[in-house]
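Written below as structure tokens is the structure these notes are about.
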Amino acid sequence: MSTLDGTIASRGYAYGQAFLFREEPLNLKKTFIRAEHFTEECDRFPQALAAVRDQIREIETQAEGILDAETRALFESYQLILDDDELVEAIEAVMHKDGVTASWAVHQVMEQHADAISRLQSPYLRERAADIRDLKERIVKELLGAVSDILPDLTDRILVAEDLSPAQSVQLNLHTLQGLLTDRGGVTSHTSILARALNIPAIVGTRHATRMIRDRDWVLIDAISNKVWVNPEPELVQLYAKTRAAQKKEQEKLAALVHQKSCTLDGQSVILAANIGLPSEAHQARAAGAEGVGLFRTEFLFMNRSNLPDEEEQYATYKSVLEQMSPHPVIVRTMDIGGDKDLPHLNLAQESNPFLGLRGIRISLRRPDLFQTQLRALLRASAHGSLKIMFPMISSIDEIIEIHRVLDKVRQDLDITKKVDIGIMIETPASVMLAPHLIRFVDFFSIGTNDLTQYTLAVDRGHTEIHDLYQPLSPAVLLMMHQAIQAARQAGKWAGVCGELAGDPLAALLLIGLGATELSMSAGAIGRVKQALVQMQGPDLKERAERALHCATAAEVKALLEAWDAELHLS
């Protein structure tokens, strides 16, 4: 029995026989074309592009009802690449300059492009290099007349692969799988996105799975504790079978809470909302019992494309989510690009420290064309539901004043008089220190615990070497959150939390005790947080939160929560 781990892409347990998926590499060599055949070779290139376009369209048709909007957008980006005149001209230039075959020119040019992308700072964009290489392989295969292997039946199998392209993900019919392992990829890869959409337990970035696992080995995936066993002992398999059965019973209990009111035993109400990043996730939020959307990330509209979304496209997207969630409120966060989410078509300069540079509201205020387009679309969509608008990365009063100026101008241009609540993300120590002043200009605060932790503790949350220093339960972070919440309450307004901490049941109770009246989390976490909440008395939550504020270390806070957990059996 051997073990490995990686990055959890989609939570759950799985057990089954492995299917080792490997495509044979193309045996491509640099080949020169005789002069008398050169014109014919040049004609073959656009024919191959046309054939691959047809392939992608066919895959898109197969993907209907399977993939979410973000993954489908990748297929649209494939078509954009195929229609990129500069890329086509670069390939043709290599053919003419070096006198080589179209297949070799395609390989050279697209591999250089993929290599350049793979060296970018953004993990999200680095993962797009695999998409460029997948498209390259398709064009080269078409030029070589290579026939793809017949796709396997993966029913009840554990798929083990180096990585999967979006096209392979569709063609492999993944929804029949028990589980998924890949050597490469991260939580933002299309494979991870798809695994979560299909609720397939998955661990990616294992580095060694395809070397350690043979076809038809028995594999046990624990995508809760991040552990994979190859050919596990029968006793371990039986133990996990009991764990899966217990998990199923727990899910049935949580399902019964969907329509129960979110409040403590003494009647203190708390709104449990959902964080979503795609319109398609609104349905999942409703099904999980969300009382609204506390954070609708709009970045997906700007990703995986070579152009910017226009006002009509954005309006249709916001309208769709508002209608799906009505009558519950939807808090839309304006574009939060920058940091680890760079977009090449915005032509932003490379930064040595992007998390402290041009990101969030800073970009919006410097690009009024982008900002006003998004605000116009949002205000128009407000007629279709309960909209609230939230602005990220606020650190000064001047930013809020400028936001109001732009918002008033857009409102006047559209002749819209309907009141739309606006709020800001509390993510920086500056916004906490200025909270009593900032709250005068807005209707609510929403605390982003991920960035607030990062900036308060001066710890890059993506830095593996110092990951142990990233402590959301640090008393420093708790004091920051408490200060911001109290500033809102004293002004007669509300404060919520939309960071990952809100989705942990014990931490959620702590946040409610600190005074948060709205918590927004992934849809899958709502049931467990509600289950914990309905067992509690409001005064008890406040008393325990005050004790946490007097702790000196994150370890002391965790010890308090562990004692609480042992008493209440919440985890």
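Using our numbering, read the sequence shown as starting at 10 and increasing by one per residue.
The beta carbon of each residue, even a glycine, is placed where N, CA and C say it ideally should be.
| Asked | Found |
| --- | --- |
| Alpha-carbon to alpha-carbon, L183 and P161 | 11 Å |
| Near the ligand ZN: P318 beta-carbon under 8 Å from a heavy atom | The ligand ZN is not part of this structure, which contains no ligands at all. |
| Of the listed residues E171, R449 and S440, nearest to L465 (C-alpha basis) | Note on identity: in this sequence residue 465 is Thr, with Leu being the wrong assignment. Out of E171, R449 and S440, S440 has the C-alpha closest to the C-alpha of T465. |
| 7 Å Cβ shell around I90 - same chain, five flanking residues per side excluded | L96 and L144 |
| L365 classed as buried or exposed, judged by whether at least 16 other C-beta atoms fall within 10 angstroms | exposed |
| Every unbroken alpha helix (DSSP H) inside the segment 460-485 [4 residues or more] | none |
| Straight-line gap, L331 to A390 (C-alpha atoms, nearest Å) | 8 Å |
| Residue span of the beta strand (DSSP E) that contains M530, given as start and end | E527 to M530 |
| Nearest to A504 (by Cα), restricted to the options I521, A254, L379 and L287 | I521 |
| Segment contact flag, the segment 221-232 with the segment 20-34, C-beta cutoff 8 Å, min 3 pairs | yes |
| Terminal residues of the alpha helix (DSSP H) in which S395 lies | No alpha helix (DSSP H) holds S395; the beta strand (DSSP E) holding it covers S395 to F400. |
| Coil, strand or helix - L550 by DSSP | helix |
| Option nearest L163 by Cα separation, candidates A325, V451, G301 and F30 | F30 |
| Euclidean distance between Cα positions of G369 and D319 | 19 Å |
| Check whether M334 and E308 have beta carbons under 9 Å apart | no |
| Beta carbon of G432 nearer than 9 Å to that of V451 | yes |
| Span of the beta strand (DSSP E), counted from its first residue to its last, around V213 | A211 to V213 |
| C-beta atoms of N240 and S11 nearer than 9 Å | yes |
| At least 3 beta-carbon pairs within less than 8 Å: the segment 212-227 vs the segment 189-204 | yes |
| Any 3 or more C-beta pairs closer than 8 Å across the segment 49-62 and the segment 107-116 | yes |
| Bounding residues of the beta strand (DSSP E) (the contiguous stretch that carries F311) | Looking at the DSSP string, F311 is not in any beta strand (DSSP E), and its letter there is neither H nor E. |
| In DSSP terms, what G581 is bridged to | Outside the shown range of the chain (10 to 580) lies residue 581, about which nothing can therefore be said. |
| CB of L519 within 9 Å of CB of A557, strictly | yes |
| Among A444, I448 and I141, nearest to D430 - alpha-carbon criterion | I448 |
| Range covered by the alpha helix (DSSP H) that runs through S127 | A111 to S127 |
| Counted within 10 angstroms of its Cβ, other Cβ atoms place N316 as buried (16 or more) or exposed | exposed |
| At least three beta-carbon pairs within less than 8 Å, the segment 273-288 to the segment 542-561 | yes |
| Under 9 Å between C-beta atoms of A386 and Q323 | yes |
| Among H122, Q463 and E259, the one whose alpha carbon lies nearest that of R537 | E259 |
| Distance, Y479 Cα to K567 Cα | 14 Å |
| Cβ neighbour criterion (16 or more within 10 Å) applied to Q269 | exposed |
| According to DSSP, residues forming a beta bridge with M434 | S455 |
| Anticipated Cβ contact below 8 Å, V169 with I222, distance rounded | 5 Å |
| Residue nearest to L384 in terms of C-alpha spacing, selected from N362, D407 and V415 | V415 |
| Proximity below 9 Å, CB of R166 to CB of L153 | no |
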